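Chemist:
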Ligand code: DC
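In our numbering, the protein residues as written are 507 to 736.
#1: Between which two residues does the beta strand (DSSP E) holding residue 512 run?
#2: Within a Cβ cutoff of 6 Å, which residues of the same chain sit near residue 634, ignoring the five residues on either side of it in sequence?
#3: Out of 550, 571, 573 and 572, which one is the CA nearest neighbour of residue 562?
#4: Taking DSSP as the reference, what is the three-state secondary structure of residue 682?
#5: Based on the DSSP secondary-structure assignment, which residues constitute the bridge partners of residue 624?
#6: I'd like the list of long-range same chain contacts for residue 569, defined as Cβ closer than 8 Å, with 5 residues on each side in sequence excluded.
#7: Any heavy atom of ligand 1 closer than 6 Å to the Cβ of residue 601?
#8: Does the stretch 709-724 come close enough to the stretch 516-533 that 3 or more CB-CB pairs lie under 8 Å?
#9: Taking the CB atoms as reference points, tell me whether residue 539 and residue 624 lie closer together than 7 Å.
#10: Any Cβ of chain D within less than 7 Å of the Cβ of residue 714?
#11: Using the C-alpha atoms, what's the distance from residue 693 back to residue 714?
#12: To the nearest angstrom, report how far apart residue 665 and residue 723 are at their CA atoms.
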């Protein structure tokens, strides 16, 4: 299984980079943030308080989730709704729920098994979900630039609202008890501030080529170890 983990805070460019790298390498792509958003959306739809831990955890275990180009929650298309400002505000609470994390991490690992690996983006992919990933990239960008990028995507919110929401969310994501946002020790950090995204994609593709070679070499070495007589 060949997994490329791409982590980083919102607005760091990770979705653009992860999607492009998956397409260029012909690998499957999974947006794990969309899974947390889908659970937050499903809770709000059912009138469940995102703070009600047990009920939200039970919901996470029960719902049918399909996260591909479209996001389907119990068969209904929620691709647009999961990006709404309301869901964006509630999702950090849902993502801080340890039982929700256990469930979604299990589903993420099952997804990778079923697809023989892929490019997986999130916050804890290299540190928790796939600690043995072939390549771990952690993207960063200056706070002002991250808010700027996000406010261009969120047409109904202005820069100040986006920057304030983002700071609040970053704080919850990085201080929560369950898998706080952290950089895996062996992750390669890339700062995307002021750099064209194409350049970052090329950097990650170069790193992926090196990782693939290292994986092949390790497999060949492993085969020799298990068959010392060969
Ligand atoms: O990347 P995003 O903005 O769509 O993520 C939505 C939320 O989910 C955000 O608060 C961080 C959280 N998240 C997480 O805790 N772990 C992940 N693997 C992915 C996202």
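We put the CB at the ideal spot given by N, CA and C, even for glycine.
As the structure is a prediction and not an experimental result, all values here were calculated from the model.
Modeler: Let me lay it out:
#1: In the chain shown, residue 512 corresponds to position 6, counting from 1. Judged by DSSP secondary structure, residue 512 falls within the beta strand (DSSP E) whose first and last residues are 508-513.
#2: Residue 634 sits at position 128 when you count from the first residue of the chain shown. Counting only residues of its own chain and dropping the five nearest sequence neighbours on each side, residue 634 has a CB closer than 6 Å to the CB of 685.
#3: As a first step, residue 562 is located in the chain shown; it is residue number 56 there, counting from the start. Distances from the alpha-carbon of residue 562 to those of 550, 571, 573 and 572 put 550 closest.
#4: In the chain shown, residue 682 corresponds to position 176, counting from 1. Coil, per DSSP.
#5: As a position in the chain shown, residue 624 is number 118, starting the count at 1. 509, per the DSSP bridge assignment.
#6: Residue numbering aside, residue 569 sits at position 63 when the chain shown is read from its first letter. In the same chain as residue 569, and ignoring 5 residues on each side of it, the C-beta atoms closer than 8 Å to its own belong to 544, 545, 548, 579 and 580, in chain order.
#7: Reading the chain shown from its first residue, position 95 is the one you call residue 601. Yes, ligand 1 has a heavy atom inside 6 Å of this Cβ.
#8: Taking 8 Å as the limit for Cβ pairs, the verdict is that the stretch 709-724 does touch the stretch 516-533.
#9: Taking the chain shown and counting its residues from 1, one reaches residue 539 at position 33. Taking the chain shown and counting its residues from 1, one reaches residue 624 at position 118. No, they are not a contact pair.
#10: Protein chain content of the structure displayed is limited to a single chain, and chain D is not contained in it.
#11: Position 208 of the chain shown holds residue 714. Position 187 of the chain shown holds residue 693. Rounded to whole angstroms, the gap between the alpha carbons of residue 714 and residue 693 is 13 Å.
#12: Translated into positions along the chain shown, residue 665 becomes position 159. Translated into positions along the chain shown, residue 723 becomes position 217. About 48 Å.
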